[in-house]
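Plus 25 on top of the position in the sequence shown (first one is 1) and you've got this note's numbering.
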Amino acid sequence: QYFGMRGSHYLAVAYTADVEGASDVASYLYRWNPGGSRVLFDAGSSIISWGLGFEPFQLIPTHGASFVKSVDVQDGGDSVLVFANFLNAHPSAENGTLRHNGSVDVYAFGGDLFNEVIGGQAGVFVLAQQLPAMGASGMEAFSIPGYGKFLAVAARQSDAPYIDNGVYDQPSALYQWGGATGRFVLHQELGSTFRSAMAPFDIRHKNFSTTNRTLLAPLEAAYSAAATQRFCGA
């Protein structure tokens with residue numbers, strides 16, 4: 026996920042697992058360095074290389090991360106960075122029914138904080154909120170003029186093996202950004218008969234959202250005119 030902020034260019038990458046299959050691995054946030062020295066990682070330590078390119082900016086703790094989104098909640102100000110964790114971080118959930126009881130983690134930027142990767146006052150993203158999600162597998166952020174900023178989270182399944190492609194038993198959710206509180210608040214649940222991804226789209230200036238695999242599905246069943254009217258005021 027690319028985004029620009031405070032005159033810099035960032036690239037956020039969600040890591041689901043490492044080469045050995047471990048899911049409790051960090052995801053990466055990179056920042057574009059237009060010249061001079063770049064920070065690189067080698068066997069867990071920082072080294073310096075010369076030239077332009079993306080350099081590691083911050084490591085974000087994630088657990089089977091399936092998606093990452095930057096959300097411009099301030100209309101050109103600092104974005105929040107949102108990671109969807111498909112799995113539960115707690116060791117006791119490794120082989121239990123709560124393994125997919127993950128979270129959607131919202132990070133806010135602290136511009137005056139010390140950055141250990143860069144080695145200076147470059148700022149870091151700090152965990153500001155955790156949204157519950159069972160098997161979070163996809164996200165989309167969008168805005169509706171006059172109504173605000175929204176974050177849609179697709180939740181996939183609970184305790185069935187994640188390789189079971191026939192299981193979709195968890196309700197997805199739509200959150201709205203509360204500008205005064207600086208947090209996302211639940212706007213509505215989207216039902217449990219959906220899939221693993223979603224996308225917003227616009228028809229004659231009326232906003233829709235779908236967690237099905239095709240964009241036309243909401244017009245047929247999941248989002249009738251009445252259901253759509255609730256979340257976008259159409």
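Note that the Cβ used here is the ideal one computed from N, Cα and C, for glycine as well.
8 Å contact criterion, which residue i and residue j should meet: CB distance rounded
i	j	result
residue 156	residue 128	6 Å
residue 150	residue 132	4 Å
residue 178	residue 159	So it is not a contact: roughly 10 Å between Cβ atoms.
Residues near residue i by beta carbon distance below 7 Å, same chain, minus five either side
i	result
residue 44	none
Cβ-based burial, residue i [other Cβ within 10 Å; buried from 16]
i	result
residue 161	buried
residue 152	exposed
residue 92	buried
residue 148	buried
residue 138	exposed
Own chain partners of residue i with C-beta closer than 8 Å, once the 5 adjacent residues on each side are dropped
i	result
residue 104	28, 30, 95, 96, 97, 98, 134
residue 110	87, 88, 89, 90, 91, 127, 128, 129, 130, 158, 161
Best match in the options for proximity to residue i [C-alpha to C-alpha]
i	options	result
residue 211	181, 205, 175, 38	175
residue 112	57, 213, 90	90
residue 198	206, 207, 215	215
residue 33	110, 77, 57	57
residue 144	49, 83, 180	83
residue 47	88, 136, 209	88
residue 51	102, 38, 26, 86	86
residue 267	180, 78, 49	There is no way to answer for residue 267, as the model of the chain reaches only from 26 to 259.
Three-state secondary structure (DSSP) of residue i
i	result
residue 212	strand
residue 56	strand
residue 126	strand
residue 201	strand
residue 163	strand
residue 86	strand
residue 154	strand
Residues near residue i in its chain [Cβ-Cβ closer than 6 Å; skip 5 each side]
i	result
residue 168	174
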